[in-house]
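Novice: In the UniProt record's numbering, the protein residues as written are 1 to 140.
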Amino acid sequence: MAYWLFKSEPATWSWDQQVAAGETGTFWNGVRNHLAKKNLMAMQVGERGFFYHSNEGKAVVGVVEVIRPYYPDHTDETGRFGMVDVRAVEAMRIPVSLDAIKAEAALKDMVLVNNSRLSVQPVSADEWALVRAMGGMSGA
DNA sequence: GCCAACGTTGGC
DNA sequence: GCCAACGTTGGC
1 MAYWLFKSEP
11 ATWSWDQQVA
21 AGETGTFWNG
31 VRNHLAKKNL
41 MAMQVGERGF
51 FYHSNEGKAV
61 VGVVEVIRPY
71 YPDHTDETGR
81 FGMVDVRAVE
91 AMRIPVSLDA
101 IKAEAALKDM
111 VLVNNSRLSV
121 QPVSADEWAL
131 VRAMGGMSGA
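1. Tell me which same chain residues have a C-beta within less than 6 Å of the C-beta of A2, skipping the five on either side of it?
2. Who does Q17 pair with in a DSSP beta bridge?
3. I think V86 touches P69, with their Cβ atoms under 8 Å apart; what is that distance to the nearest whole Å?
4. Quick one: complete alpha helix (DSSP H) runs, 4+ long, within the UniProt domain "EVE" (2-134)?
5. Here's the rule I'm using: 16 or more other beta-carbon atoms within 10 Å means buried, otherwise exposed. How should S8 be labelled?
6. For A100, which residues of its own chain have a beta-carbon under 7 Å away from its beta-carbon, when the five flanking residues on both sides are left out?
7. Which residue's Cα is closest to the Cα of I67: H74, D76, H53, Q44?
8. Residues in the same chain with beta-carbon distance under 8 Å from M41, minus the five sequence neighbours each way, listed in chain order, please.
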């Protein structure tokens, strides 16, 4: 079971909109980077990821679940990229800010810290557990 | 609003 | 196939 992190600018697609999309979720389109594509292709239904607000907010605000595996992104005219579907699972009790993540020595290797421009990132099990704890969430 | 980092494009 | 130029992203 792998963990992920999805980055979105709230002005483009916010956590509130993801929550409003409900159980049926939405497609996560717009990825145009090969490393991000590789991550999308590796995702299995049922795996979870953090929902991160970039630019404005700069914090992990919620958890989403992958509900449909990789399929072609109809908004990509080149046909090279695809997407998955995700649904909102739970909101962080406390948003975990980028500052808080950077201040945590155990998270210094997070992709978010080292390659902040990558829009879909892998998260290790340890990082997942720690960020959840920082967000006031119990369990896995 | 600036700028560094990075990916992509296109000329050779 | 190399590499310089350019565009985009996202933190500051």
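Beta carbons are placed, not taken as given, at the ideal position from N, Cα and C, and that holds for glycine. A quick note: this is a predicted structure, and the numbers were derived from the prediction, not measured.
Specialist: Taking the coordinates as given:
1. Looking up residue 2 in the first sequence gives position 2. Excluding sequence neighbours, A2 sits near E47.
2. Start at 1 with the first residue of the first sequence, and residue 17 comes out as number 17. Within the DSSP bridge table, the entry for Q17 names no partner.
3. Here the question's residue 86 lines up with position 86 in the first sequence. Here the question's residue 69 lines up with position 69 in the first sequence. Contact flag wrong, Cβ pair sits at about 11 Å.
4. Entirely contained in the UniProt domain "EVE" (2-134), the alpha helix (DSSP H) runs reaching 4 residues are, in chain order, 15-20, 34-42, 98-103, 111-114, 125-134.
5. Translated into the one-based positions of the first sequence, residue 8 becomes position 8. S8 is classed as buried because its beta carbon has at least 16 other beta carbons within 10 Å across all chains shown.
6. In the first sequence, the residue the question calls residue 100 occupies position 100. Around A100, the same chain offers M134 as residues with beta carbons nearer than 7 Å, after the five sequence neighbours per side are excluded.
7. Taking the first residue of the first sequence as position 1, residue 67 is located at position 67. The option with the nearest alpha carbon to I67 is Q44.
8. Residue mapping note: residue 41 aligns to position 41 of the first sequence, counting from 1. Closer than 8 Å at Cβ, skipping near neighbours: Y70, G82.
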